[in-house]
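First up is the structure itself, then whatever we jot down about it.
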Amino acid sequence: MSILPIVTYNDPVLREKTKPVEDLNEEIQDFVEDMFETMYNSDGVGLAAPQVGVSKRIFVIDSDGMLEEEDEKPGPIAFINPVIVEKKGKMIPLDEGCLSIPEVTDKVIRPEVVVVKFLDENFEERVEEFSGWTARVIQHEYDHLEGILFIDYLSAFRKRMHKADLEEIDTGKRETRYPIKPRG
Numbered sequence: 113m114s115i116l117p118i119v120t121y122n123d124p125v126l127r128e129k130t131k132p133v134e135d136l137n138e139e140i141q142d143f144v145e146d147m148f149e150t151m152y153n154s155d156g157v158g159l160a161a162p163q164v165g166v167s168k169r170i171f172v173i174d175s176d177g178m179l180e181e182e183d184e185k186p187g188p189i190a191f192i193n194p195v196i197v198e199k200k201g202k203m204i205p206l207d208e209g210c211l212s213i214p215e216v217t218d219k220v221i222r223p224e225v226v227v228v229k230f231l232d233e234n235f236e237e238r239v240e241e242f243s244g245w246t247a248r249v250i251q252h253e254y255d256h257l258e259g260i261l262f263i264d265y266l267s268a269f270r271k272r273m274h275k276a277d278l279e280e281i282d283t284g285k286r287e288t289r290y291p292i293k294p295r296g
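Written as structure tokens, this is what we have:
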């Protein structure tokens, strides 16, 4: 397993709609393992393939650390070729951040529940309902597969508030505790 560098928000791969995984093989399983290792190394709770420069419909999550003690903990899950079947529940505003936009957070409004159809890391088809933080992480990572970043949900005013941070990331001056690969 290896830790992969994370591309920053201005990399074109993050704006592409990803391609479905067609060959379910050991190479994909190894890639999923690398994604988990990269996510944990970065202290992330989710990571999508485009964030490591790969335009494939894959993301991994482990939201257990964000959940309350009494909450059911789904553990680490790989999502291959996911489809959000349904979004429901109240719209909840919460702060989000992104490993591709280090140290930038802002409020994003998302539904509290999602139903997702996907293949897991063993290529078994699953349809599951997720709520709370886990649903939020899934929606955030799913957006990456569609070429959407959390900052796309912000108003022009809120985006201007982060301009200096984004310029620091653009120029490679933003220091992180994990390997990043700024564009250019």
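In the working numbering, each residue carries its 1-based index in the sequence shown increased by 112. Glycine included, every Cβ here is placed at the ideal spot set by N, Cα and C.
Legend entry - Cβ pair Ile-250, Val-220 closer than 9 Å: Result no, Cβ atoms of Ile-250 and Val-220 do not sit closer than 9 Å.
Inset, instruction - From the DSSP output, in three-state form, read off Pro-186 for me. - result: coil
Legend entry - Touch test, the stretch 270 to 286 against the stretch 113 to 122, Cβ-Cβ under 8 Å, three pairs minimum: yes
Legend entry - DSSP beta-bridge partners of Thr-217: Gly-209
Legend entry - Beta-ladder partner(s) of Lys-200, from DSSP: Val-225
Inset, instruction - Name the residue from Glu-128, Met-273, Gln-163, Thr-150 whose alpha carbon lies nearest to the alpha carbon of Glu-253. - result: Cα-wise, what sits closest to Glu-253 is Gln-163.
Inset, instruction - Identify whether Glu-134 lies in helix, strand or coil by the three-state DSSP scheme. - result: coil
Inset, instruction - Please name the residue, chosen from Ser-243, Leu-266, Ile-204, that lies closest to Asp-218 on a Cα-to-Cα basis. - result: In this structure, Leu-266 is the residue among Ser-243, Leu-266, Ile-204 with its C-alpha nearest to the C-alpha of Asp-218.
Inset, instruction - Would you please state the rounded distance, in angstroms, between the beta carbons of Arg-127 and Gly-259? I believe it to be under 8 Å. - result: About 5 Å; that satisfies the 8 Å criterion.
Legend entry - At least 3 beta-carbon pairs within less than 8 Å: the stretch 166 to 174 vs the stretch 126 to 146: yes
Inset, instruction - Apply the 10 Å Cβ neighbour rule to Val-239 and answer buried if 16 or more other Cβ atoms are within range, or exposed otherwise. - result: exposed
Inset, instruction - Compare the C-alpha of Ala-247 against each of Asn-153, Val-225, Met-273, Met-203 and name the closest. - result: Val-225
Inset, instruction - Please name the residue in Arg-289, Glu-236, Gly-201, Leu-159 whose C-alpha comes closest to that of Phe-148. - result: Leu-159
Legend entry - Separation of Leu-257 from Met-203, as counted between CA atoms: The alpha-carbon of Met-203 is positioned some 22 Å away from that of Leu-257.
Inset, instruction - Kindly indicate the opening and closing residues of the beta strand (DSSP E) around Phe-269. - result: That residue, Phe-269, is in no beta strand (DSSP E); its alpha helix (DSSP H) goes 268 to 273.
Legend entry - Alpha-carbon to alpha-carbon, Ile-192 and Asp-174: 15 Å
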